[in-house]
Every structure is written in C-alpha cells, then in structure tokens.
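Enquirer: Structure provided below as structure tokens; questions to follow.
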Ligand code: NCD
Ligand code: ZN
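Residue numbers (this note's numbering): 536 to 958.
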C-alpha cells in the first residue's frame, strides 16, 4: 500500500482540537497516524516544515458550467482550479445547460468528475424544474442519483409555498436546501443601493432584496424543521436574521464568499464589471458585520461562488454577467483576514473544511486517524500573482487578476493521492 509521510508540518484540525507541529502518515487512502515523530522507512516523504497541514477544503458553491457552457469552464478545468486552491471537495451548482434537474444530468456530472479524477465533485440539484420556480423537481430521485443539496442558484426560489414544500421534503430525506436570496422584484439592477450606484446612475439590487428572502427562508426552516442554507450572505441585517433564527433552534446555516469580505461596492469604481457579482458588493458597514460574524460563529462557512465568465460577457458594467472566479484566490484572501487578526488560523480551517463538510453531512473535513486522507498543505507566506501563467480557469474574471497574493497551496492530497503540487 502506498505510504505518504508528511513531516513537521503545522497541523491544524479543528475536528479533533489539534494545532501544533506533527508528523502525519497516510496509508492507502486513509490517515493512518498522527504523532510528534513518525518513522516509516517505506513512505514517500513530504517535508512540510514551515507549512500548514489541514483537512482538504470543501467548497459548497462552485459553477463548473458543465454541461452546456464549457467555453467558460468545464469539470476538468474547474477541478484543476479547485485542487490548486486546496479544495478536495466542491459542490457544483445546477445552473448549467441543461440544468441539473434530472438524474441523468446528475449522473453525467458524477461520471465526468470521476473520469477527471482530481477533486470530489458533488452536484447540487435544482429545486424546481428548469430552475423556473414553478414546479418542484423529483428531489427523491435526485438524491438517489447523488445530489448533496438542492438550490436554484443564480435565481432565488421566489414562491414561498414551493420553498416550504422543498424544506418539508428536505427534512424527510436529510438533504439541505440552499437558497440564493435576492427577491427578483426588488433586485433589478447590477449594483448595491449605495452611493456608487447613484453616482453611476444604475438601478440597484439593494440589501433588502436579500434580507426579505433570507428572513422568509429562516421562518420556513423554523416551521418545517427543514435545513436551509443561505448562500452568499452579504448584509449586516442578514447576519442578525440568521443569528436570531439559530438561537430559536431553526436549522439554518449560511456561507459568505471571500470577495464580500474584502471588497466593498467602491471597488466597482476601480474594476468596473469585474466587480459586478450577485449579490453585489456592499457597503463598508456590511463588510464589518460579516467579518465579526465569522469570528462569533454566526457564519458557518466560506464558499467561493467560483463563477467563470468569458471576456465578452464582462464587457460592459450595465449588461455584464455577474460573478467572479475564486477557487485559487480564496486561501490568500482568508489568510489576509488571519493576518489582520479578524480570525484565527484554526477558525479559517473550520470555515473552509470542518463546517462545510458538516453542512452536507460529508465524512471528510477531518484528519482523524482512519479518516479519508483529503489534505491541503500550504505556505501561508508565499507570494504569487494570478496571471496567464498561474490561472487554471478557462476564464479570468476577477478584480484580483494581476495583483499580489500571499499564501499558496503547495500540495493537495485527495484519497491519499497527490492531485496538485506547486511548481
Ligand atoms: C453566479 C453565476 O455566474 O452563475 N453569478 C454570481 O454573480 N454569483 C450565479 C450565482 O451564484 O448566483
Ligand atoms: Zn447565487
């Protein structure tokens, strides 16, 4: 059996309250042993001195555009970005063409991901047929086919009765419903409602568009006992809504995206359409609230919302497609928050591995002995630039393009096998 010995890394694993310098032995596809000093003459050695060793990251929100929009990304290029970013599991969104709303599309995604064989790619199925918001999909057979979540992401589930029924089924089958919360009658424009939208004369997507659906979903989760997961939370009030319903015992979890933690709506003035994303970048006050909610546990996890688009789709601010790529830049962004003292390194791992795995009931996100060996080894200090050479996506839509980043993945190990190595 293949043996891999990761030596002298700083191990951070919140699932077993572990933080310190350890050796870690992988045997086959499992974590065999963690100890201060391990000798194993047969093992291949990875020298991790000065590096951080953590459970492979889990991303609950990526767009791999496959099937149907593979000029932006596909399951292979998406998987390469994922493992380069330290992710060993990703949940891919169903706003593909055709959408992931029937078992055969689920099977296509699973088979192709297995063929690519880099990253665990788990499909989210649509809540409604065609993501049109009118009629529930067959959530039972989608679950059987392999869906780990349901969402109409890209669009909200506007009909409250459909959402209520989806949550009822969710509580029966134990699969969470994710929601893109933006009321589409209020969110009609491209930018948040602040001074920047006014300055540029754009119609807006104000925070209340998000808050009303966030609150509605929490209320429905409270009454049905279903598990709702609020996607890409961005507002200060939204944090309070989630906190309130968690305290009341509703099964509510939520994610934030790295870009919403470090970029405010003012970035639109600098980056134009590259800073256009749904929900939009918000005010400094919102950023502040999100950051403190990371530390106090109201926010469960960080998800990238990796949303690749071609250059021609990002031409003009007013009409550009929303979204930015994010799999390779998530770690540097989160490390900048560690550097600033907003969160600890341990909290970061909790937000990127432990908690997202727990939300979808995945038996990963841990380095406990006997667990599947999904591991990220990163250098928190290494500087690099996302450019033509380092970018692994088919798309380049991010305001961070060409900028200096700090923190780089050196090895990604999935099922005990090295699937990415920094060169
Ligand atoms: C996403 C996309 O491009 O598919 N865009 C975005 O701005 N976030 C859709 C989504 O996640 O809502
Ligand atoms: Zn979304």
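Virtual Cβ for every residue (Gly too), placed ideally from N, Cα, C.
Determine the extent of the alpha helix (DSSP H) in which residue 675 is found, giving its start and end residues.
Expert: Mapped onto the chain shown, residue 675 falls at position 140. Note, residue 675: alpha helix (DSSP H), 674-680.
Enquirer: Please list, following the chain, all residues that have a C-beta closer than 7 Å to any non-hydrogen atom of ligand 2.
Expert: Here the residues come out as 688, 689, 715, 766, 767, 813, 840.
Enquirer: Does the distance between the C-beta of residue 857 and the nearest non-hydrogen atom of ligand 1 fall short of 7 Å?
Expert: In the chain shown, the residue the question calls residue 857 occupies position 322. Yes; taking the cut-off as 7 Å, the Cβ of residue 857 has a heavy atom of ligand 1 nearer than that.
Enquirer: My output table needs one value for residue 655: the three-state DSSP class, helix, strand or coil.
Expert: Reading the chain shown from its first residue, position 120 is the one you call residue 655. Of the three classes helix, strand and coil, the one that applies to residue 655 here is strand, per DSSP.
Enquirer: With DSSP run on the structure shown, which of helix, strand or coil describes residue 661?
Expert: Along the chain shown, read from residue 1 onward, the residue named residue 661 stands at position 126. Correct three-state label for residue 661: coil.
Enquirer: Assign residue 874 to buried or exposed, taking buried as 16 or more other Cβ atoms, counted over all protein chains shown, within 10 Å of its Cβ.
Expert: Start at 1 with the first residue of the chain shown, and residue 874 comes out as number 339. Per the 10 Å Cβ criterion, exposed.
Enquirer: When the distance is taken between beta carbons, is residue 605 closer than 8 Å to residue 654?
Expert: Reading the chain shown from its first residue, position 119 is the one you call residue 654. Reading the chain shown from its first residue, position 70 is the one you call residue 605. Not a contact, by the Cβ cut-off of 8 Å.
Enquirer: Hey, out of 793, 651, 698, 680, whose CA is closest to residue 662's CA?
Expert: Residue numbering aside, residue 662 sits at position 127 when the chain shown is read from its first letter. Considering only alpha carbons, the answer is 698.
Enquirer: Output the distance between the C-alpha atoms of residue 595 and residue 905, rounded to the nearest integer angstrom.
Expert: Counting from 1 along the chain shown, the entry for residue 595 is found at position 60. Counting from 1 along the chain shown, the entry for residue 905 is found at position 370. The straight-line gap from Cα to Cα measures roughly 24 Å.
Enquirer: Alpha carbon to alpha carbon, how far is residue 766 from residue 790?
Expert: Residue mapping note: residue 766 aligns to position 231 of the chain shown, counting from 1. Residue mapping note: residue 790 aligns to position 255 of the chain shown, counting from 1. If you take the alpha carbons of residue 766 and residue 790, they lie about 5 Å apart.
Enquirer: Measure from the alpha carbon of residue 832 to the alpha carbon of each residue in 775, 862, 844, then state which is nearest.
Expert: Your numbering for residue 832 matches position 297 in the chain shown. Ranking the options by Cα distance to residue 832, first place goes to 775.
Enquirer: Based on DSSP bridge pairs, tell me the residues matched to residue 713.
Expert: For this step, residue 713 is matched to residue 178 along the chain shown. The partner list for residue 713 (beta bridge, DSSP) reads 764.
Enquirer: Rounding to the nearest angstrom, what Cα-Cα distance links residue 741 and residue 747 in this structure?
Expert: On the chain shown, residue 741 is found 206 positions in, with the first residue counted as 1. On the chain shown, residue 747 is found 212 positions in, with the first residue counted as 1. Computed Cα separation, rounded: 11 Å.
Enquirer: Between the Cα of residue 597 and those of 588, 589, 587, 610, spot the shortest distance and give me the residue it belongs to.
Expert: What you label residue 597 is simply residue 62 of the chain shown in a count that begins at 1. The shortest C-alpha separation from residue 597 is found at 610.
Enquirer: Between residue 816 and residue 802, which are expected to be in contact by the criterion C-beta below 8 Å, what is the C-beta distance as a whole number of angstroms?
Expert: Reading the chain shown from its first residue, position 281 is the one you call residue 816. Reading the chain shown from its first residue, position 267 is the one you call residue 802. About 6 Å separates the two Cβ atoms, so the contact holds.
Enquirer: Alpha carbon to alpha carbon, what distance is there between residue 809 and residue 866?
Expert: Your numbering for residue 866 matches position 331 in the chain shown. Your numbering for residue 809 matches position 274 in the chain shown. Approximately 20 Å, taken between the alpha carbons.
Enquirer: Looking at residue 955 and ligand 1, is the gap between the Cβ and the nearest heavy atom below 7 Å?
Expert: In the chain shown, residue 955 corresponds to position 420, counting from 1. No, since every heavy atom of ligand 1 falls outside the 7 Å radius drawn around the Cβ of residue 955.
Enquirer: Taking all protein chains shown into account, do 16 or more other C-beta atoms lie within 10 angstroms of the C-beta of residue 859, making it buried, or fewer, making it exposed?
Expert: Indexing the chain shown from 1 puts residue 859 at position 324. Residue 859 comes out buried.
Enquirer: Buried or exposed for residue 576, please, with buried defined as at least 16 other CB atoms from any protein chain shown within 10 angstroms of its CB.
Expert: Taking the chain shown and counting its residues from 1, the one referred to as residue 576 is at position 41. Label assigned to residue 576: exposed.
Enquirer: Can you give me the Cβ contacts of residue 498 inside the same chain, cut-off strictly under 8 Å, excluding the 5 residues immediately before and after it?
Expert: In the structure as shown, the chain starts at 536 and stops at 958, and residue 498 therefore has no counterpart that could be examined.
Enquirer: Nearest-angstrom Cα distance between residue 794 and residue 783?
Expert: Within the chain shown, residue 794 is the residue found at index 259, counting from 1. Within the chain shown, residue 783 is the residue found at index 248, counting from 1. Cα to Cα, the separation comes out at about 30 Å.
Enquirer: Under the rule that 16 or more other beta-carbon atoms within 10 Å means buried, what is residue 676, buried or exposed?
Expert: The residue labelled residue 676 in the question sits at position 141 within the chain shown. Burial call: exposed.
Enquirer: I'd like the span of the alpha helix (DSSP H) that includes residue 773, first residue to last.
Expert: Position 238 of the chain shown, counted from the first residue, corresponds to residue 773. First-last of the alpha helix (DSSP H) with residue 773: 771-782.
Enquirer: Tell whether a beta-carbon distance below 8 Å holds between residue 652 and residue 908.
Expert: For the purposes of this step, residue 652 is taken as the residue at position 117 of the chain shown. For the purposes of this step, residue 908 is taken as the residue at position 373 of the chain shown. No, the Cβ-Cβ distance between residue 652 and residue 908 is not below 8 Å.
Enquirer: Taking the beta carbon of residue 939 as the centre, do at least 16 other beta carbons fall within 10 Å, making it buried, or is it exposed?
Expert: Residue mapping note: residue 939 aligns to position 404 of the chain shown, counting from 1. Exposed is the call here.
Enquirer: Between 706, 603, 769, which has its C-alpha nearest residue 786's C-alpha?
Expert: Residue mapping note: residue 786 aligns to position 251 of the chain shown, counting from 1. Of the listed residues, the one whose Cα sits closest to residue 786 is 706.
Enquirer: Let me know the beta strand (DSSP E) ranges lying completely inside the stretch 862-945, each 3 residues or longer, listed in chain order.
Expert: Qualifying beta strand (DSSP E) stretches, in chain order: 910-920.
Enquirer: Please state whether DSSP places residue 847 in a helix, a strand or coil.
Expert: As a first step, residue 847 must be located in the chain shown, where it is residue number 312. DSSP places residue 847 in helix when its eight states are reduced to three.
Enquirer: Under the assumption that residue 590 contacts residue 881 (Cβ atoms under 8 Å), give the Cβ distance between them as a whole number of angstroms.
Expert: Position 55 of the chain shown, counting from 1, holds the residue named residue 590. Position 346 of the chain shown, counting from 1, holds the residue named residue 881. Not a contact, Cβ separation roughly 12 Å.
Enquirer: Would you list the one or two residues that DSSP bridges to residue 580?
Expert: Translated into the one-based positions of the chain shown, residue 580 becomes position 45. Partner(s): 540.
Enquirer: Determine whether the beta carbon atoms of residue 870 and residue 829 lie at a separation below 8 Å.
Expert: As a position in the chain shown, residue 870 is number 335, starting the count at 1. As a position in the chain shown, residue 829 is number 294, starting the count at 1. Going by C-beta atoms, residue 870 is not nearer than 8 Å to residue 829.
Enquirer: Which same chain residues, not among the five before or five after residue 770, have their C-beta less than 7 Å away from its C-beta?
Expert: Reading the chain shown from its first residue, position 235 is the one you call residue 770. If we look at residue 770 and ignore the five residues flanking it on each side, its Cβ neighbours are 742, 745, 746, 817, 821.
Enquirer: Here's a check: name, in chain order, each residue in its chain whose Cβ is nearer than 6 Å to the Cβ of residue 689, leaving out the five neighbours to either side.
Expert: Residue numbering aside, residue 689 sits at position 154 when the chain shown is read from its first letter. Within the same chain, residue 689 has close Cβ partners 630.
Enquirer: Any heavy atom of ligand 1 closer than 7 Å to the CB of residue 630?
Expert: Reading the chain shown from its first residue, position 95 is the one you call residue 630. Yes - ligand 1 has a heavy atom lying nearer than 7 Å to the Cβ of residue 630.
Enquirer: Kindly examine ligand 1 and report whether one of its heavy atoms sits closer than 7 Å to the Cβ of residue 842.
Expert: Position 307 of the chain shown, counted from the first residue, corresponds to residue 842. Yes.
Enquirer: Cα-Cα, which of 603, 616, 613 is closest to residue 632?
Expert: Position 97 of the chain shown, counting from 1, holds the residue named residue 632. That would be 603, whose Cα lies nearest to the Cα of residue 632.
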